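Visitor: Chains as they are written, first to last, in our numbering: chain A, 1 to 328; chain B, 1001 to 1328; chain C, 2001 to 2328. Using N, Cα and C, we set each Cβ at its ideal position, and we do this for glycine too. Values in this document were obtained by computation on a predicted structure and should not be read as measured data. My questions all concern the structure below.
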Amino acid sequence: MILRELAGRLGLRVIGNDEVAIEGVAPIERAHSNRLTFLANPKYRGQLATTTAAAVVAHADAAAAAPCSVLVSRNPYADFARAAALFEIKPAREPGIHPTAVVDASASVDKSAHVGPMVVIGARSAIGPGSVVGPGCVIGEDCVVGAGCELVARVTLVTRVRLGHRVLIHPGAVLGADGFGLAFDQGAWLKVPQLGGVEVGDDCEIGANTTIDRGALGDTVLEEDVRLDNQIQIAHNVHIGAHTAMAGCSAVAGSARIGRWCLIGGGAGILGHLEVCDKVTITAMSLVTHSIKSPGEYSSGTPLMDNRQWRKSAVRFKQLDELARRGK
Amino acid sequence: MILRELAGRLGLRVIGNDEVAIEGVAPIERAHSNRLTFLANPKYRGQLATTTAAAVVAHADAAAAAPCSVLVSRNPYADFARAAALFEIKPAREPGIHPTAVVDASASVDKSAHVGPMVVIGARSAIGPGSVVGPGCVIGEDCVVGAGCELVARVTLVTRVRLGHRVLIHPGAVLGADGFGLAFDQGAWLKVPQLGGVEVGDDCEIGANTTIDRGALGDTVLEEDVRLDNQIQIAHNVHIGAHTAMAGCSAVAGSARIGRWCLIGGGAGILGHLEVCDKVTITAMSLVTHSIKSPGEYSSGTPLMDNRQWRKSAVRFKQLDELARRGK
Amino acid sequence: MILRELAGRLGLRVIGNDEVAIEGVAPIERAHSNRLTFLANPKYRGQLATTTAAAVVAHADAAAAAPCSVLVSRNPYADFARAAALFEIKPAREPGIHPTAVVDASASVDKSAHVGPMVVIGARSAIGPGSVVGPGCVIGEDCVVGAGCELVARVTLVTRVRLGHRVLIHPGAVLGADGFGLAFDQGAWLKVPQLGGVEVGDDCEIGANTTIDRGALGDTVLEEDVRLDNQIQIAHNVHIGAHTAMAGCSAVAGSARIGRWCLIGGGAGILGHLEVCDKVTITAMSLVTHSIKSPGEYSSGTPLMDNRQWRKSAVRFKQLDELARRGK
Chain A
1 MILRELAGRL GLRVIGNDEV AIEGVAPIER AHSNRLTFLA NPKYRGQLAT
51 TTAAAVVAHA DAAAAAPCSV LVSRNPYADF ARAAALFEIK PAREPGIHPT
101 AVVDASASVD KSAHVGPMVV IGARSAIGPG SVVGPGCVIG EDCVVGAGCE
151 LVARVTLVTR VRLGHRVLIH PGAVLGADGF GLAFDQGAWL KVPQLGGVEV
201 GDDCEIGANT TIDRGALGDT VLEEDVRLDN QIQIAHNVHI GAHTAMAGCS
251 AVAGSARIGR WCLIGGGAGI LGHLEVCDKV TITAMSLVTH SIKSPGEYSS
301 GTPLMDNRQW RKSAVRFKQL DELARRGK
Chain B
1001 MILRELAGRL GLRVIGNDEV AIEGVAPIER AHSNRLTFLA NPKYRGQLAT
1051 TTAAAVVAHA DAAAAAPCSV LVSRNPYADF ARAAALFEIK PAREPGIHPT
1101 AVVDASASVD KSAHVGPMVV IGARSAIGPG SVVGPGCVIG EDCVVGAGCE
1151 LVARVTLVTR VRLGHRVLIH PGAVLGADGF GLAFDQGAWL KVPQLGGVEV
1201 GDDCEIGANT TIDRGALGDT VLEEDVRLDN QIQIAHNVHI GAHTAMAGCS
1251 AVAGSARIGR WCLIGGGAGI LGHLEVCDKV TITAMSLVTH SIKSPGEYSS
1301 GTPLMDNRQW RKSAVRFKQL DELARRGK
Chain C
2001 MILRELAGRL GLRVIGNDEV AIEGVAPIER AHSNRLTFLA NPKYRGQLAT
2051 TTAAAVVAHA DAAAAAPCSV LVSRNPYADF ARAAALFEIK PAREPGIHPT
2101 AVVDASASVD KSAHVGPMVV IGARSAIGPG SVVGPGCVIG EDCVVGAGCE
2151 LVARVTLVTR VRLGHRVLIH PGAVLGADGF GLAFDQGAWL KVPQLGGVEV
2201 GDDCEIGANT TIDRGALGDT VLEEDVRLDN QIQIAHNVHI GAHTAMAGCS
2251 AVAGSARIGR WCLIGGGAGI LGHLEVCDKV TITAMSLVTH SIKSPGEYSS
2301 GTPLMDNRQW RKSAVRFKQL DELARRGK
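As structure tokens, this is what we get:
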């Protein structure tokens, strides 16, 4: 593809030679001839001078320093993502149901959908137009997969899971399993039936081996454009607002309500029955133990230290109240 | 179902109209006509006055405040769970082996058991009466599934896993994989064979994508009525006492021994080769680094703070020993 | 097997009767007649006097205290592991492709490899000599499985995953799923294509339900002999050096680079875009927030305390900067 054509597709202006051929994308330090790269973070501007890329997506003010053509962008990372998508080779998934798939007679699969090998689809479930249900997926009863979704492989939708459109789910994810509802009675546990479902909005992405339980009475809800990384645990009746992104291994306990445009760091935990307002950032491995009512960044934990030094601080942490009283 | 009939089944007394029809269950704030709800926590008693439910399961002392019929209970949440179970519609799993399942000639499947599509059952394994092995499960060699168990879907029992009766396992769980046994020799790792198995007692529940490794020499053991949420990791040779419940993403390292009636919070970690006595509660994301010999509640970590404030405390944590010495 | 024969196979010297029969292995406290056990940790030497084992693998200096034959070893745990492997009964996996497997016409499977039931192998992927692809595995496009590998069951290799030789992967692991790459643009998320792959060196082991994402532009790399326990999350473009071992539930964020011979404790987290040098130990549930340039042991967190005491320390942690200023 000629750079001019690429620029046209992205709606961007070219500074420099717009006849150069672009055959793929690469990071700035390894972008050889005919590759497109990007510069988003001004901190790395030093790498620009020595790049051997054919072109770079960058802010206008970086153009002068570039030894190659520039695609001028106000959001270079986003425009680079759009460019990269043009060079991505995705395996074709032909419409139709693989002969090894087992589809219940009461289920419906749109003619334009792809159902791969070893897939099982249960009673009253529906697969929408253009959706891909990859190899080994299990879809239980009363589930809905909207249009243009992709369940990559070995995804499980257990019961009453309703996906919007263009939802992408990675292998091993389990949606709609029983929430962890238990009543303690006479020295033992009694299971509380989990009668709700899971509602996933349009354009959500759900990572590998992530689990989202179905609601106990109501539903567990992800609004649109929620992005979940791998191995995240979302308990029953959680509600996550639109455009919130959660990094790997984070977890939300039952009935918590998280706002929109939140960023939850890796391994962070959010306790149940609390509310986090919009635009809250939780740093990695922090634990949210109470509701958050103001946007901002929140943290818990202690800094990494040499183990011997850490042991000394740790011992003092135990004495902290006494030390504080003595200091008064 | 008429309320009187429901009360009879649960062995509860009705205050008010016992002729009202009950068609389902709902949370107190959304329980419209013909729904049964419950009030367990006195904190929410204010919601009782305005509920539009047909009936409520509640303590006797809440009856006067109820605008509807009351099912009098000493444990409203537990009795509500029993009532809800009567309204749960579970997909029928007919006895028999699905034609796509691959069952080893030396395995045995009880006539009343259900083996779903795409299931694989290995040599010398046995499936007990009334058990359900859902779609995509893989059962390896020398495994035993007792009576009335349910492996919902895509569960893996690798080798030498023995389940008691009425064990419920959610999708993606892996029981009986190799423990993480390594010997370091001449600069590299040598695998230590994992020759034991996994023993799971009656009435245990195991969450989605939870992993329980088999023992190195002896067995990994869950006594009866152990309840594990999603994404829990149980290492080899761990022993968990009866009626202990663990919340999502918690983990136990090798050869730890946990007592009965313990409550392990979400994301909590328990190091290996230690003992936790009966009736211990570990709060979320705490790390147990030594044996616990007294029942009670234990915690580690620091509270959530605004990130700028947290940074100041974090810096001081590093200086804590020096600060304490200076304070003397 | 006679002890003399066993000693010969392991290249070890016998002290005592070398005619004794060895029929299996066992831990020292439960090693009855005809069992081989081991003593590696001098702390447990007291157990040696009362063992009823037929023989023990031990250091030379423990021989005098043994009531049985001794296999003299400089690394008793490693030699015990080698001995145990001789007694391990592994299910036979015959070469050939199970009739239920679905193998793309452009994929290649070595004649000596085993492809189990319900396996799916995608376009242009290759399975090497002697490798085992267990039941329910899904291998996508452009993947390579070297020689002598074992994918136990229900393993997913999504796209562009290349395994070296003798790689062992446990059930539920997902390699090569999309990295979590997102660009924020006009209030919503835009997916960044993940065009790289995953490279796994010889002799690596990957635990149950562990996830390793493929690179965004380059590859995610595990050098040889990397050992990953269960439920570990490795993000895109991470590089892990040879002989590093990570315990369960630990996680590494994008583009982090970890050295060789590192030991990462259970539940530990390593943030992205940083470097950890060789021979670093991170204790359980610690968070690495900056690069580490010196070998050693590092920690974060606070010690476990009785919850009431902990609450007092936790409150003081919030005041720590104020307390420190006041102390000056």
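1) With DSSP collapsed to three states, give me the class of residue 190(A).
2) Compare the C-beta of residue 1111(B) against all C-beta atoms of chain A and say whether one is closer than 9 angstroms.
3) Between the stretch 1244-1253 of chain B and the stretch 242-259 of chain A, do three or more beta carbon pairs fall short of 8 angstroms?
4) Do the CB positions of residue 1122(B) and residue 1141(B) come within less than 9 angstroms of each other?
5) What is the rounded straight-line gap between the Cα of residue 290(A) and the Cα of residue 255(A)?
6) At least one CB of chain C closer than 9 angstroms to the CB of residue 1293(B): is that the case?
7) Quick one: which chain A residues come within Cβ less than 8 angstroms of residue 1305(B)?
8) With a CB to CB cut of under 6 angstroms and the five nearest residues on each side skipped, what residues in its chain are close to residue 2201(C)?
9) Just curious, the alpha helix (DSSP H) that residue 2079(C) is in, first and last residue?
10) For a quick check, are the C-beta atoms of residue 214(A) and residue 194(A) less than 9 angstroms apart?
11) Is there at least one Cβ from chain C nearer than 9 angstroms to residue 1278(B)'s Cβ?
12) What number of angstroms, rounded off, separates the C-alpha of residue 2119(C) from the C-alpha of residue 2103(C)?
13) Applying a beta-carbon distance threshold of less than 7 angstroms, which residues of chain B neighbour residue 162(A)?
14) Based on Cα-Cα distance, which residue from 1049(B), 1327(B), 1232(B) lies nearest to residue 322(A)?
15) What's the gap between the Cα of residue 2189(C) and the Cα of residue 143(A)?
16) So, is the C-beta of residue 227(A) closer than 9 angstroms to a C-beta in chain C?
17) Looking at chain A, which residues of the stretch 1082-1105 of chain B have a Cβ within less than 8 angstroms of any of its Cβ atoms?
18) Inspect the beta-carbon positions of residue 56(A) and residue 28(A) and report whether they are closer than 9 angstroms.
19) Identify the residues that DSSP records as bridge partners of residue 275(A): which are they?
20) Determine the closest residue to residue 220(A) out of 175(A), 312(A), 10(A), 4(A), with distance taken between C-alpha atoms.
21) Is residue 2064(C) near residue 2072(C), with beta carbons less than 9 angstroms apart?
22) So who's on the other strand from residue 63(A), going by DSSP bridges?
23) For residue 1167(B), count the other beta carbons within 10 Å of its own beta carbon; 16 or more makes it buried, fewer makes it exposed. Which is it?
24) Could you check whether the Cβ of residue 290(A) sits closer than 9 angstroms to any Cβ belonging to chain B?
25) Determine, using beta carbons only, whether residue 316(A) comes closer than 9 angstroms to chain B.
26) Output, in chain order, the set of chain C residues within a Cβ distance shorter than 7 angstroms of residue 77(A).
27) Could you name the residues that DSSP lists as bridge partners for residue 2006(C)?
28) Can you find the residues in the same chain that come closer than 7 angstroms, C-beta to C-beta, to residue 1300(B), ignoring five residues on each side of it along the sequence?
29) If you reduce the DSSP assignment to three classes, tell me which class residue 2125(C) lands in.
30) Just grab the DSSP bridge partners of residue 145(A) for me.
31) Which partner residues of residue 156(A) appear in the DSSP bridge assignment?
32) Round the Cβ separation of residue 1152(B) and residue 1169(B) to the nearest angstrom and send it over; I've been treating them as touching at under 8 angstroms.
33) Strictly below 8 angstroms CB to CB, what residues from chain B border residue 2193(C)?
34) Taking the alpha-carbon of residue 2081(C) as reference, which of 1234(B), 1283(B), 1045(B), 1185(B) has the nearest alpha-carbon?
35) Go ahead and pull the three-state DSSP assignment for residue 233(A).
36) Confirm, please, whether the CB-CB distance from residue 1130(B) to residue 972(B) is below 9 angstroms.
Guide: Judging by the given coordinates:
1) Three-state result, residue 190(A): strand.
2) Not one chain A Cβ lies under 9 angstroms of residue 1111(B).
3) The stretch 1244-1253 of chain B, when compared against the stretch 242-259 of chain A, does touch it at the 8 angstroms Cβ threshold.
4) Yes, Cβ-Cβ distance for residue 1122(B) and residue 1141(B) is below 9 angstroms.
5) Roughly 13 angstroms between the two C-alpha positions.
6) Using beta-carbon distances, residue 1293(B) does not count as an interface residue toward chain C, since no partner is under 9 angstroms.
7) Within 8 angstroms Cβ-Cβ: 298, 299, 300.
8) Taking residue 2201(C) as the centre and dropping the five residues before and after it, the same chain places the C-beta of 2164, 2222, 2223, 2224 closer than 6 angstroms to its C-beta, in chain order.
9) Its alpha helix (DSSP H) spans residues 2076-2087.
10) Taking 9 angstroms as the Cβ cut-off, residue 214(A) and residue 194(A) qualify as a contacting pair.
11) The C-beta of residue 1278(B) comes no closer than 9 angstroms to any C-beta of chain C.
12) For residue 2119(C) and residue 2103(C), the distance between alpha carbons rounds to 8 angstroms.
13) Chain B residues near residue 162(A): none, gap ~17 angstroms exceeds 7 angstroms.
14) Measuring from the Cα of residue 322(A), the nearest candidate turns out to be 1327(B).
15) Each residue's alpha carbon lies about 26 angstroms from the other.
16) Residue contact with chain C for residue 227(A): present (Cβ-Cβ distance below 9 angstroms to some residue of chain C).
17) Cβ contacts with chain A: 1082, 1084, 1085, 1087, 1088, 1091, 1098, 1100.
18) By the CB criterion at 9 angstroms, residue 56(A) and residue 28(A) fall inside the cutoff.
19) Paired residues: 257(A).
20) Nearest in C-alpha terms to residue 220(A), of all of 175(A), 312(A), 10(A), 4(A), is 175(A).
21) No. Outside cutoff.
22) Its beta-bridge partners do not exist; DSSP assigns none.
23) Residue burial annotation: residue 1167(B) is buried, with at least 16 other C-beta atoms found within 10 angstroms of its C-beta.
24) By this cut-off, residue 290(A) is an interface position.
25) Taking CB atoms only, residue 316(A) has a neighbour in chain B less than 9 angstroms away.
26) Close partners of residue 77(A) in chain C (Cβ separation under 7 angstroms): 2183.
27) In the DSSP assignment, no residue is bridged to residue 2006(C).
28) Close CB contacts of residue 1300(B) within its chain, under the 7 angstroms cut and outside five residues either way in sequence, are with 1286, 1287 (chain order).
29) DSSP, reduced to helix, strand and coil, places residue 2125(C) outside both helices and strands of the structure shown, so it counts as coil.
30) DSSP output for residue 145(A) lists 127(A) as bridge partner(s).
31) Note: residue 156(A) sits in a beta bridge opposite 138(A), 174(A).
32) Between residue 1152(B) and residue 1169(B) a beta carbon distance of about 7 angstroms is seen, short of the 8 angstroms cut, so the two are scored as contacting.
33) Residues of chain B passing the Cβ test: none, with the nearest at roughly 27 angstroms.
34) Per the Cα distances, 1185(B).
35) Three-state DSSP puts residue 233(A) in a strand.
36) With chain B covering only 1001 through 1328, there is no way to say anything about residue 972(B).
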